[in-house]
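Peer 1: Take a look at this one; I'll ask things after.
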Amino acid sequence: DTAVSQTPKYLVTQMGNDKSIKCEQNLGHDTMYWYKQDSKKFLKIMFSYNNKELIINETVPNRFSPKSPDKAHLNLHINSLELGDSAVYFCASSQESTRGVALGYTQYFGPGTRLTVL
Amino acid sequence: KQEVTQIPAALSVPEGENLVLNCSFTDSAIYNLQWFRQDPGKGLTSLLLIQSSQREQTSGRLNASLDKSSGRSTLYIAASQPGDSATYLCAANDYKLSFGAGTTVTVRA
Numbered sequence: 001d002t003a004v005s006q007t008p009k010y011l012v013t014q015m016g017n018d019k020s021i022k023c024e025q026n027l028g029h030d031t032m033y034w035y036k037q038d039s040k041k042f043l044k045i046m047f048s049y050n051n052k053e054l055i056i057n058e059t060v061p062n063r064f065s066p067k068s069p070d071k072a073h074l075n076l077h078i079n080s081l082e083l084g085d086s087a088v089y090f091c092a093s094s095q096e097s098t099r100g101v102a103l104g105y106t107q108y109f110g111p112g113t114r115l116t117v118l
Numbered sequence: 001k002q003e004v005t006q007i008p009a010a011l012s013v014p015e016g017e018n019l020v021l022n023c024s025f026t027d028s029a030i031y032n033l034q035w036f037r038q039d040p041g042k043g044l045t046s047l048l049l050i051q052s053s054q055r056e057q058t059s060g061r062l063n064a065s066l067d068k069s070s071g072r073s074t075l076y077i078a079a080s081q082p083g084d085s086a087t088y089l090c091a092a093n094d095y096k097l098s099f100g101a102g103t104t105v106t107v108r109a
């Protein structure tokens, strides 16, 4: 059983297109996250959601819009894709949170979605 | 702003040798520090989580220490095996996880 799953695994698209990445967790967690790992392998948080409410938005361009239809799903929609958006995007979830942060519990990561913008 | 640094960036050792991976962070006001493992093309796997009130955590051959006041954590891996080859990431949690760039470990058979 996959705890945190993402689709698609690979996404290749042209500049200017709009695309979505889906994430689902079957762990019963309240909080979900999106991270971006750039070509230098730095992982940075983009968003966190707690019970479908946006908690953390780390100065991400408004071309990126997360959507949480329910606690188990957090999707990432990206408008007008740019070359600099090429990266690996990871979804994660955690059990407990305060202000959307897992203070005492670890985060479980999905396998990642490699986005390439041409 | 929290800055996390990991040294060394890469490490290659023969099988059986002990590994020492270092992590430093600039803001000591953290809730916890976490160590993850990342295999090529895969997601992150949690290894150890040390609460700010703890000094160390152990899991099997892994031991992680935390010195919050000096902004340092060390991950020790005893008797390394080829299967330990991966990138190891530490992350300091103040209200979000701030990651280091990782240490890429190669264990030679």
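Residue numbers (our numbering), protein chains in the order written: chain A, 1 to 118; chain B, 1 to 109. Idealized CB from N, CA, C, for every residue including glycine. Since this is a predicted model, take the numbers as computed values, not measurements.
1. Under DSSP, the beta strand (DSSP E) around A/A92 begins and ends at which residues?
2. Three or more C-beta pairs closer than 8 Å, one from the stretch 47-59 of chain B and one from the stretch 95-105 of chain B: is that the case here?
3. Note down, in chain order, all residues in the stretch 75-103 of chain B with a beta-carbon under 9 Å from any beta-carbon belonging to chain A.
4. Let me see if you follow: with CB-CB separation under 7 Å, is A/I55 close to chain B or not?
5. Which value, in whole angstroms, describes the spacing of the CA atoms of B/C23 and B/L33?
6. From the DSSP output, in three-state form, read off B/L33 for me.
7. How many angstroms separate the CA atom of B/N63 from the CA atom of B/Q81?
8. Who are the Cβ neighbours of B/L21 in its own chain at under 6 Å, not counting the five residues just before and after it?
9. Counting only the same chain and skipping the five closest in sequence on each side, list residues whose C-beta sits under 7 Å from that of A/K36.
10. Please report how far the alpha carbon of B/L19 lies from the alpha carbon of B/D94, in whole angstroms.
11. Starting from A/D19, follow its DSSP beta bridges and name the residues at the other end.
12. Taking Cβ-Cβ distances shorter than 7 Å, what residues in chain A pair up with B/L49?
13. So with CB distances below 8 Å, who are the chain A contacts of B/Q34?
14. For A/H77, which of A/S93, A/V4, A/P8 has the nearest alpha-carbon?
15. Taking 7 Å as the threshold (C-beta atoms), are B/Q38 and B/L173 in contact?
16. Please go through the same chain and pick out, in chain order, the residues whose beta-carbon is closer than 7 Å to the beta-carbon of B/L28, but skip the five residues on each side of it.
17. At the level of alpha carbons, what is the spacing between B/G60 and A/Q14?
18. Using a Cβ-Cβ cut-off of less than 9 Å, list which residues of the stretch 20-31 of chain A approach chain B; keep chain order.
19. Using the three-state DSSP reduction, which class does A/L27 fall into: helix, strand or coil?
20. Helix, strand or coil, according to DSSP, for A/D70 in the structure here?
21. Look at the alpha carbon of B/K1 and the alpha carbon of B/T26, and state the distance between them as a whole number of angstroms.
Peer 2: Taking the definition as stated:
1. Position 92 of the first sequence, counting from 1, holds the residue named residue 92 of chain A. 87-94 is the span of the beta strand (DSSP E), which, as asked, contains A/A92.
2. no
3. T87, L89, A91, N93, D94, Y95, K96, L97, S98, F99, G100, A101, G102
4. Working through the first sequence from its first residue, we reach residue 55 of chain A at position 55. No, its Cβ sits nowhere closer than 7 Å to a Cβ of chain B.
5. Locating residue 23 of chain B in the second sequence gives position 23, where the first residue counts as 1. Locating residue 33 of chain B in the second sequence gives position 33, where the first residue counts as 1. Cα to Cα, B/C23 sits roughly 10 Å from B/L33.
6. Counting from 1 along the second sequence, the entry for residue 33 of chain B is found at position 33. In this structure, B/L33 counts as strand in the three-state DSSP scheme.
7. Here residue 63 of chain B is taken as the residue at index 63 of the second sequence, counted from 1. Here residue 81 of chain B is taken as the residue at index 81 of the second sequence, counted from 1. C-alpha separation (whole angstroms): 15 Å.
8. The count along the second sequence starts at 1 and reaches residue 21 of chain B at position 21. The residues are L75, Y88, T103.
9. Working through the first sequence from its first residue, we reach residue 36 of chain A at position 36. Answer for A/K36: K44, M46, A87, Y89, listed in chain order.
10. Sequence index remark: in the second sequence, residue 19 of chain B carries index 19 (1-based). Sequence index remark: in the second sequence, residue 94 of chain B carries index 94 (1-based). Distance between the alpha carbons of B/L19 and B/D94: 27 Å.
11. On the first sequence, residue 19 of chain A is found 19 positions in, with the first residue counted as 1. Reading the sequence as shown, one finds Lys at residue 19 of chain A and not Asp. According to DSSP, A/K19 bridges with A/I78.
12. Translated into the one-based positions of the second sequence, residue 49 of chain B becomes position 49. Neighbours of B/L49 on chain A, chain order: T106.
13. What you label residue 34 of chain B is simply residue 34 of the second sequence in a count that begins at 1. Neighbours of B/Q34 on chain A, chain order: T106, Q107.
14. As a working mapping, residue 77 of chain A is identified with position 77 in the first sequence. Ranking A/S93, A/V4, A/P8 by Cα distance to A/H77 puts A/P8 first.
15. Past the edges of chain B, shown from 1 to 109, lies residue 173 of chain B, and the structure says nothing about it.
16. For this step, residue 28 of chain B is matched to residue 28 along the second sequence. The sequence given here places Ser at residue 28 of chain B; Leu does not occur at that position. Excluding residues within five positions, the ones whose Cβ falls inside 7 Å are K68, S69, G71.
17. The count along the second sequence starts at 1 and reaches residue 60 of chain B at position 60. The count along the first sequence starts at 1 and reaches residue 14 of chain A at position 14. Near 46 Å, if we compare the C-alpha coordinates of A/Q14 and B/G60.
18. none
19. In the first sequence, residue 27 of chain A corresponds to position 27, counting from 1. A/L27 falls in the coil class under three-state DSSP.
20. In the first sequence, counting from the first residue as 1, residue 70 of chain A sits at position 70. In this structure, A/D70 counts as strand in the three-state DSSP scheme.
21. Along the second sequence, one-based indexing puts residue 1 of chain B at 1. Along the second sequence, one-based indexing puts residue 26 of chain B at 26. Distance between the alpha carbons of B/K1 and B/T26 is about 8 Å.
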